[in-house]
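Remarks on the structure that follows.
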Amino acid sequence: MTALDLASLMAPPSTPLLLASAEGAPEVPLSVTLIFSALLLAMILSLALEEKIHAKKSLIAGVFAVVCLLLGTAFDLMPFGPVEVGGHEIEMPVYIPAVDWGVIAIILGSSLFIDVTSKSGLFTWIAIKLTKASRGEPRRLLWFYGLMTVVFSAVLNNVTAMLIVGSLTGVSLKKLGREQYLLGFLVIEGLLTNIGGLLTLISSVPNIIVGTAAGISFVEFFIKASPYVAVATVITVLMGIKLFKIDKLPDDAARAEAARQVESFDENDGIESRHFFVFGAAMTVLFVIFIATTSILPWISELGMGYVALAFAAIMLIRYKSSVDQFYKGLDWDLLGFFAALFVVINVMEHAAVLELIGEGLAYLIGLGETLGTGLVLVSAAAFSSVTDNIPLAAMLSKILANMDTASTDPKWWSVVFGANLGGNLTPIGSASTLVAVTIIHRYKLEMGFARFVVTALPYAIVQIILATAYVLLVLA
Amino acid sequence: MTKLDHFESAFRSASKDTFSWVPPTIAKILVATDLDAEASASYEAALRGFLSATLAGTEPSWRSVGAGDYDSVAALHELVEQWQPDLVCTYRNLHSSAWSFAYSLGEYIHVLTQATDAPVLVTPHPRQTEAAAHALRNTDVVMAMTDHLTGSERLVNYAAAMTETKGKLWLAHVEDELGYERLMEVIGKIPQIDTDSARELIRAKLLQQPTDYVESCRTVISAHRPGLTVRPLVVMGHHLATYRQLISDHEVDLLVMNTKDADQLAMHGMAYPIAVEIREIPLLLL
Numbered sequence: 009m010t011a012l013d014l015a016s017l018m019a020p021p022s023t024p025l026l027l028a029s030a031e032g033a034p035e036v037p038l039s040v041t042l043i044f045s046a047l048l049l050a051m052i053l054s055l056a057l058e059e060k061i062h063a064k065k066s067l068i069a070g071v072f073a074v075v076c077l078l079l080g081t082a083f084d085l086m087p088f089g090p091v092e093v094g095g096h097e098i099e100m101p102v103y104i105p106a107v108d109w110g111v112i113a114i115i116l117g118s119s120l121f122i123d124v125t126s127k128s129g130l131f132t133w134i135a136i137k138l139t140k141a142s143r144g145e146p147r148r149l150l151w152f153y154g155l156m157t158v159v160f161s162a163v164l165n166n167v168t169a170m171l172i173v174g175s176l177t178g179v180s181l182k183k184l185g186r187e188q189y190l191l192g193f194l195v196i197e198g199l200l201t202n203i204g205g206l207l208t209l210i211s212s213v214p215n216i217i218v219g220t221a222a223g224i225s226f227v228e229f230f231i232k233a234s235p236y237v238a239v240a241t242v243i244t245v246l247m248g249i250k251l252f253k254i255d256k257l258p259d260d261a262a263r264a265e266a267a268r269q270v271e272s273f274d275e276n277d278g279i280e281s282r283h284f285f286v287f288g289a290a291m292t293v294l295f296v297i298f299i300a301t302t303s304i305l306p307w308i309s310e311l312g313m314g315y316v317a318l319a320f321a322a323i324m325l326i327r328y329k330s331s332v333d334q335f336y337k338g339l340d341w342d343l344l345g346f347f348a349a350l351f352v353v354i355n356v357m358e359h360a361a362v363l364e365l366i367g368e369g370l371a372y373l374i375g376l377g378e379t380l381g382t383g384l385v386l387v388s389a390a391a392f393s394s395v396t397d398n399i400p401l402a403a404m405l406s407k408i409l410a411n412m413d414t415a416s417t418d419p420k421w422w423s424v425v426f427g428a429n430l431g432g433n434l435t436p437i438g439s440a441s442t443l444v445a446v447t448i449i450h451r452y453k454l455e456m457g458f459a460r461f462v463v464t465a466l467p468y469a470i471v472q473i474i475l476a477t478a479y480v481l482l483v484l485a
Numbered sequence: 002m003t004k005l006d007h008f009e010s011a012f013r014s015a016s017k018d019t020f021s022w023v024p025p026t027i028a029k030i031l032v033a034t035d036l037d038a039e040a041s042a043s044y045e046a047a048l049r050g051f052l053s054a055t056l057a058g059t060e061p062s063w064r065s066v067g068a069g070d071y072d073s074v075a076a077l078h079e080l081v082e083q084w085q086p087d088l089v090c091t092y093r094n095l096h097s098s099a100w101s102f103a104y105s106l107g108e109y110i111h112v113l114t115q116a117t118d119a120p121v122l123v124t125p126h127p128r129q130t131e132a133a134a135h136a137l138r139n140t141d142v143v144m145a146m147t148d149h150l151t152g153s154e155r156l157v158n159y160a161a162a163m164t165e166t167k168g169k170l171w172l173a174h175v176e177d178e179l180g181y182e183r184l185m186e187v188i189g190k191i192p193q194i195d196t197d198s199a200r201e202l203i204r205a206k207l208l209q210q211p212t213d214y215v216e217s218c219r220t221v222i223s224a225h226r227p228g229l230t231v232r233p234l235v236v237m238g239h240h241l242a243t244y245r246q247l248i249s250d251h252e253v254d255l256l257v258m259n260t261k262d263a264d265q266l267a268m269h270g271m272a273y274p275i276a277v278e279i280r281e282i283p284l285l286l287l
């Protein structure tokens, strides 16, 4: 299939704003496409080396967005002019409609909602209750922390889940005098964040991007992803118990002492107001219900998940009405800035026909056969997202698949979702949550460099990726 | 990683120190004086009366050593090491005329508290006239004192054991106001830290930790000694002046304190000035 053939298959972009920007795009010389391909590669490499070059990802993507916009304008690629919104033509800078504000709204709203809700002490309460329920028995503790990591990753986000469970792991294992298990617990939890991140549409950014582009509903996403998540979680924890030699406590005396130690945790310590705690719990349940049913709720379905997330954040912020600025300061502006800049870069790449070029490669993979192609998409997505941020990958591949008019039931969407998420388990830089796990490991002065992480995590990642490939090909295809 | 700090702090705060009930056994009591036999017997009788309620139901073995039984610190130390008493009772400035000056404890007390495991009950000197009116009468009001109440299991167990069945046990913690102000002065010069909220939060947390521990002690002690009233006294202040005031306000009969410090051979930094200057009531030095 040639580029022209492929271009003829390209469907219009999914949003009216992007439709307006993509229409009437001039034919792009290959040399220009290659220049922009080099820029894209340079950005991806820079993001992969984020830690080495000591630069935040928002700045890296921002610098590339600035350069791409300038070059895109110089090469006459950018579709300047008014954009059409609801039948009205509106003048706005060319880079504004390039951003997927729906995704930004979901991330902004849910981050604020989670931040305010965590002030109620709800998440620490749940974490400590589970710790007590384990009675300090290491194996049971790993099971409970593993399940908690998966659920928190699914309901909150991977990074917050790792922060909560990882910090509790450090404190509780130290209290129990089981510091020798710290490395194993943190590695397993780090790996499970990316498994839990597969559970729902809002569990990770790649899910949001791919799910939104594919038109997969929250409920459909959950139904299709949950069997894999359940099996992968059990296998990962069992492997962790075996490979990290997490032993049972030897006798009743040790069990009694461990139970006494965990009983001394006070789950109510972080609860400033019982009323706000109950309110936070109720709102969290409602948040999940509303997000899950957004597509079928009257009016809400038109406003979208971003609206739901922002609305819940606004309701929670009423409690802190005089000091909401502290929550605004606490937002991950680096992440939000990164998304905005990334969307701009990808939009320019689309106009420069770079996505078309990558699409050719993808089309080649797909052309190898439905089974082999879908499997290769998953494995290559995992390999790619293991060395750089999985968000550009998800954004780029979902754009290409959308342009190829791929049906929402097509398993290739799931290949991207599974590959982008699970690739994060191959290296410590593959996902933000594994990076948090390694940071906590380093805080406890444990040895865990890049190579050691890869060697440690590889067996788990390989099993998870093989399992995912089999699941996508045998169950979802 | 601000949020990591946030959650770690939350979980560290939720991790409370707990108190275990391990009451000490007092089966052998050694009374050391620098008096003749008759005066020693009189002193021992006063002690028996003072501790009668504490030791009710037990029949400890008493042994008195007077001026003629030892002639040096080493000799008394050897005596203690050989007999292995569960409690040594004595008074400050043994074999010294410095008892009338409030500047020291005397070399015997120093060595006994640091070189032996036995707790030392230091009473006002027999010839001291300014002892509190309620001193050496009973142990119905006891105060346990330390600069770090958390983890002071032995201290609290001894304090509870020394308190009469229906007595009142004050678990006291005085957080050093001077140290706190010094810290606040430094924080006030760091632009990255909000001074007002730091002042409020640090003060609250400094007092919360010992308060939580006292509550843990109260719960456990109440289960084993239901008649005993356990009360917290957690305040900011100047150690010596505040303790003096608290002892006076609550008419404390016995002050219990730790004197050993794992990092030094000398007596615990805060215990020393209080042990030297609080001369009106008996002290139990652990």
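So the sequences go chain by chain: A and B.
Adding 8 to a residue's 1-based position in the first sequence gives its number in the numbering used here.
Adding 1 to a residue's 1-based position in the second sequence gives its number in the numbering used here.
All residues carry an ideal CB built from backbone N, CA and C; glycine is no exception.
Computed from a prediction, not measured in an experiment: that's the story for all the values here.
Relative to the C-alpha of residue i, which residue among the options is closest?
i	options	result
Phe229 (chain A)	A:Val471, A:Ser416, A:Lys453 and A:Phe461	A:Ser416
Ala162 (chain A)	A:Leu194, A:Thr132, A:Ile216 and A:Ser180	A:Ile216
Gly192 (chain A)	A:Lys253, A:Phe160 and A:His283	A:Lys253
Ser393 (chain A)	A:Leu380, A:Thr442 and A:Phe351	A:Thr442
Val175 (chain B)	B:Glu182, B:Ser16, B:Arg219 and B:Val235	B:Val235
Gly144 (chain A)	A:Leu155, A:Val270 and A:His96	A:Val270
Val352 (chain A)	A:Asn165, A:Leu454 and A:Pro400	A:Pro400
Thr212 (chain B)	B:Arg232, B:His225, B:Leu137 and B:Thr196	B:Arg232
Val218 (chain A)	A:Asp418, A:Ala322 and A:Gly198	A:Asp418
Ser180 (chain A)	A:Ile136, A:Val158 and A:Leu164	A:Ile136
Thr19 (chain B)	A:Ala476, A:Leu430 and A:Ala267	A:Ala267
Glu154 (chain B)	B:Tyr214, B:Tyr181 and B:Ser198	B:Tyr214
Go ahead and label residue i buried or exposed: buried means 16 or more other beta carbons lie within 10 angstroms of its beta carbon, across all protein chains shown.
i	result
Phe102 (chain B)	exposed
Tyr336 (chain A)	exposed
Gln472 (chain A)	buried
Thr81 (chain A)	exposed
Leu78 (chain A)	exposed
His269 (chain B)	buried
Met100 (chain A)	exposed
His359 (chain A)	buried
DSSP puts residue i in a beta bridge; with which residues?
i	result
Gln85 (chain B)	The partner list for Gln85 (chain B) (beta bridge, DSSP) is empty, contrary to what the question assumes.
Cys90 (chain B)	B:Val32 and B:Leu122
Pro233 (chain B)	B:Leu172
Gln265 (chain B)	B:Asp262
Arg64 (chain B)	B:Leu31
Ser16 (chain B)	A:Phe273
His96 (chain A)	A:Val93
Val257 (chain B)	B:Ala145 and B:Leu285
When you compare the CB positions of residue i and residue j, do they come within less than 8 Å of one another, or not?
i	j	result
Val102 (chain A)	Pro87 (chain A)	yes
Ile112 (chain A)	Leu409 (chain A)	no
Thr435 (chain A)	Val385 (chain A)	no
Met163 (chain B)	Leu285 (chain B)	yes
Val74 (chain B)	Leu31 (chain B)	no
Tyr54 (chain B)	Thr140 (chain B)	Note that residue 54 (chain B) is Ala in the sequence shown here, rather than Tyr. The answer is yes: Cβ separation under 8 Å.
Asn202 (chain A)	Ser439 (chain A)	yes
Trp22 (chain B)	Ile191 (chain B)	no
Tyr92 (chain B)	Pro127 (chain B)	yes
Determine the DSSP secondary structure at residue i, reduced to helix, strand or coil.
i	result
Arg268 (chain A)	helix
His78 (chain B)	helix
His359 (chain A)	helix
Val316 (chain A)	helix
Glu368 (chain A)	helix
Leu434 (chain A)	coil
Ala224 (chain B)	helix
Gly185 (chain A)	coil
Met146 (chain B)	strand
Asp177 (chain B)	strand
Gly238 (chain B)	strand
Thr166 (chain B)	coil
Could you tell me whether any Cβ in chain E is nearer than 8 Å to the Cβ of residue i?
i	result
Arg13 (chain B)	Included in the structure are the protein chains A and B, with no chain E among them.
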